[in-house]
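Colleague:
In the UniProt record's numbering, the protein residues as written are 1 to 533.
1) Is residue 59 buried or exposed, if buried means 16 or more other CB atoms sit within 10 Å of its CB?
2) In whole angstroms, what is the alpha-carbon distance linking residue 426 and residue 86?
3) Does the distance from the CB of residue 25 to the CB of residue 91 come in under 8 Å?
4) Thinking C-alpha only, which one of 452, 436, 453 and 431 is nearest residue 445?
5) Can the beta-carbon of residue 458 be found closer than 8 Å to that of residue 502?
6) Run through DSSP, which three-state label would residue 318 get?
7) CA-CA distance, residue 403 and residue 518?
8) Comparing alpha-carbon positions, which option in 142, 52, 101 and 3 lies nearest residue 41?
9) Using the beta-carbon count (16 or more within 10 Å), is residue 11 buried or exposed?
10) With a threshold of 8 Å on Cβ separation, who are the neighbours of residue 64 within its own chain once the five nearest residues in sequence on each side are excluded?
11) Please report the straight-line C-alpha distance between residue 119 and residue 56, rounded to a whole angstrom.
12) Let me know the secondary structure DSSP gives residue 3 once reduced to three states.
13) Are three or more beta carbon pairs between the segment 168-185 and the segment 99-107 nearer than 8 Å?
14) Do the CB positions of residue 276 and residue 316 come within less than 8 Å of each other?
15) Short of 6 Å in beta carbon distance, which residues of its chain neighbour residue 79, apart from the five on each side in sequence? Order them along the chain.
16) Shortest alpha-carbon distance to residue 177 belongs to which of 95, 62, 144 and 244?
17) Quick check: residue 243 and residue 219, are their CB atoms within less than 8 Å of each other?
18) Leaving out the 5 sequence neighbours to the left and right, which residues in its chain are closer than 7 Å to residue 385 when beta-carbon positions are compared?
19) Going by DSSP in three states, residue 393 sits in which element: helix, strand or coil?
20) Checking 8 Å against the spacing of the C-beta atoms, do residue 33 and residue 20 come in under that value?
21) Once DSSP output is grouped into helix, strand and coil, what is the label at residue 305?
22) For residue 424 versus residue 447, is the C-beta spacing smaller than 8 Å?
23) Would you call residue 314 buried or exposed, if buried means 16 or more other Cβ atoms sit within 10 Å of its Cβ?
24) From this set, 125, 96 and 84, which residue's C-alpha is nearest residue 165's C-alpha?
25) With 16 as the cutoff for other CB atoms within 10 Å, does residue 357 come out buried or exposed?
26) In whole angstroms, give me the CA-to-CA distance for residue 342 and residue 352.
27) Can you give me the C-alpha to C-alpha distance between residue 350 and residue 159, rounded to a whole angstrom?
28) Rounding to the nearest angstrom, what Cα-Cα distance links residue 464 and residue 453 in this structure?
29) For residue 442 and residue 374, what's the separation of their Cα atoms in angstroms?
30) When the Cα of residue 451 is compared with those of 468, 429 and 354, which residue comes out closest?
Printed below as a string of structure tokens:
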């Protein structure tokens with residue numbers, strides 16, 4: 001059995017004390033004392049609260065708190081290792097006399113059909129402490145709400161942690177190493193049944209309605225440290241230490257020419273520094289923040305202050321100045337192209353990941369597959385024209401990264417069919433030359449049509465088509481099948497002619513068509529952000 005001593009109180013509306021508590025009168029009778037004088041009791045306790053939340057507050061060691069409580073998996077997020085480690089680092093790196101944690105809040109649920117006093121888990125201490133022999137002592141203890149909470153480790157269900165879960169986990173880890181710290185707690189007693197519980201309400205109120213410390217107050221801590229006030233505390237806290245070491249850049253001064261950050265920008269700076277600290281230790285973070293703020297000042301008059309966080313995060317991800325500037329230019333173009341509102345992103349990490357994912361997609365190789373009947377002359381024409389088009393596209397925007405896959409050859413290969421279909425699946429752009437209505441080419445075209453997200457370009461070399469048709473016409477005693485092939489060459493296959501086919505007769509026309517189609521592919525996929533300015 002675990003016993004915790006503390007103060008029991010109701011957090012409700014106050015009113016004047018009108019009578020002596022019944023349990024105090026009962027205590028007096030059992031001790032053969034007389035104590036029913038309301039005026040005498042009012043001198044000790046003049047006000048009492050009613051119709052509110054019943055709470056029990058006190059102090060105990062962290063091991064005991066961990067033993068009687070548990071995480072509510074329905075409402076609480078998983079333990080954030082970075083957050084937990086920050087608490088551990090704070091304890092390990094701070095002066096033992098300066099460490100402070102707010103109280104942890106636990107919840108005790110009980111059957112709504114019962115009165116809390118009937119449960120026996122929470123009693124005023126005058127009922128529990130047998131050695132109280134003075135009525136003055138008993139009345140004083142009762143007036144101040146001195147009480148005892150009893151928890152049976154074998155029978156009782158553990159209390160839910162409403163607030164302070166990370167603190168409990170972090171301090172428990174420290175306690176395992178031998179440092180069992182004292183911590184303050186508050187237990188809320190909440191009635192519940194199968195249909196009714198306020199547990200989720202209290203969790204929501206405690207965790208989503210808490211007001212953050214304003215940027216002004218945080219920055220005040222840093223500036224006051226100049227006079228050695230809180231100096232040790234500031235130096236032991238990562239966030240405050242970074243702000244301290246970048247103070248000359250963000251701090252306001254009497255110099256009107258000197259730029260500084262306003263309160264909203266300071267709040268953003270705090271947010272992005274915390275995000276970076278939560279990812280991993282960055283030894284150059286002070287230089288990163290300094291460079292980022294200087295760069296932000298260049299944009300300050302024509303952009304939203306949220307860009308400060310973006311610039312800090314980009315500088316953190318791309319240390320070299322050249323790479324950082326390139327990424328910043330691309331980011332601004334990305335925002336403008338898609339008309340994104342920076343405020344719609346939950347944090348700078350999510351924003352950067354969205355941007356970085358887009359840029360990686362932009363830079364990745366886009367493969368070009370050519371389906372065509374084997375003809376050495378025309379294969380070389382296609383190969384040469386595609387390579388020239390790719391080169392010109394790269395010159396316009398170096399983010400354009402196209403690669404031509406090997407066009408078929410006459411070498412014997414037992415796995416040629418399997419390779420063709422794998423290449424079609426891998427390719428982003430499929431060029432289909434239907435000049436001769438080759439069955440294999442049409443089959444490959446049909447396979448590509450059945451796949452998603454393939455940009456298909458239909459091509460027809462009119463000279464090749466005419467030569468093929470003329471050769472067939474010269475055949476003597478043509479049967480019905482040959483005549484049908486000739487007709488298809490003249491009119492186009494049914495599945496082909498309903499779609500746009502790019503016709504060409506010389507290499508210049510071919511190059512123009514290919515370049516136009518590649519640009520269409522880029523525009524259709526929103527890959528048209530340039531990086532050449």
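Just so you know, even glycine gets a beta-carbon here, dropped at the ideal spot from N, CA and C. No experiment lies behind these values; they were computed from the predicted model shown.
Modeller: According to the structure shown:
1) Flag for residue 59 reads exposed.
2) Approximately 45 Å between the Cα atoms of the pair.
3) No, they are not a contact pair.
4) Nearest C-alpha to residue 445 among 452, 436, 453 and 431: 431.
5) For the pair residue 458 and residue 502, the CB atoms are nearer than the 8 Å cut-off.
6) Residue state for residue 318 is assigned as coil, using DSSP reduced to three classes.
7) Counting only the Cα atoms, residue 518 lies some 12 Å from residue 403.
8) Considering only 142, 52, 101 and 3, the residue with the shortest C-alpha distance to residue 41 is 142.
9) With fewer than 16 Cβ atoms within 10 Å of its Cβ, residue 11 is classed as exposed.
10) The residues are 2 and 4.
11) If you take the alpha carbons of residue 119 and residue 56, they lie about 15 Å apart.
12) Reduced to three states, the DSSP call for residue 3 is strand.
13) Taking a contact to require three or more Cβ pairs closer than 8 Å, the segment 168-185 and the segment 99-107 qualify as touching.
14) In this structure, residue 316 lies closer than 8 Å to residue 276 by Cβ.
15) Beyond the five residues adjoining it in sequence on each side, residue 79 comes within less than 6 Å, by CB distance, of 169 in the same chain, given in chain order.
16) Comparing alpha-carbon positions, the option among 95, 62, 144 and 244 lying closest to residue 177 turns out to be 62.
17) Yes. Within cutoff.
18) Only 507, 510, 511 and 514 meet the Cβ criterion.
19) If DSSP states are grouped into helix, strand and coil, residue 393 belongs with the helices.
20) Residue 33 places its beta carbon 8 Å or farther from that of residue 20.
21) It is coil, neither helix nor strand.
22) Going by C-beta atoms, residue 424 is nearer than 8 Å to residue 447.
23) With a 10 Å radius around the Cβ and a threshold of 16 neighbouring Cβ atoms, residue 314 comes out buried.
24) Of the candidates 125, 96 and 84, the one whose C-alpha sits nearest the C-alpha of residue 165 is 84.
25) The residue in question, residue 357, is exposed, as its Cβ has fewer than 16 Cβ neighbours within 10 Å.
26) Rounded to whole angstroms, residue 342 to residue 352 spans 11 Å at the Cα level.
27) If I take the Cα positions, the gap works out to 35 Å.
28) Each residue's alpha carbon lies about 30 Å from the other.
29) One C-alpha to the other measures close to 14 Å.
30) Taking the Cα of residue 451 as reference, the smallest distance to any Cα among 468, 429 and 354 is reached at 429.
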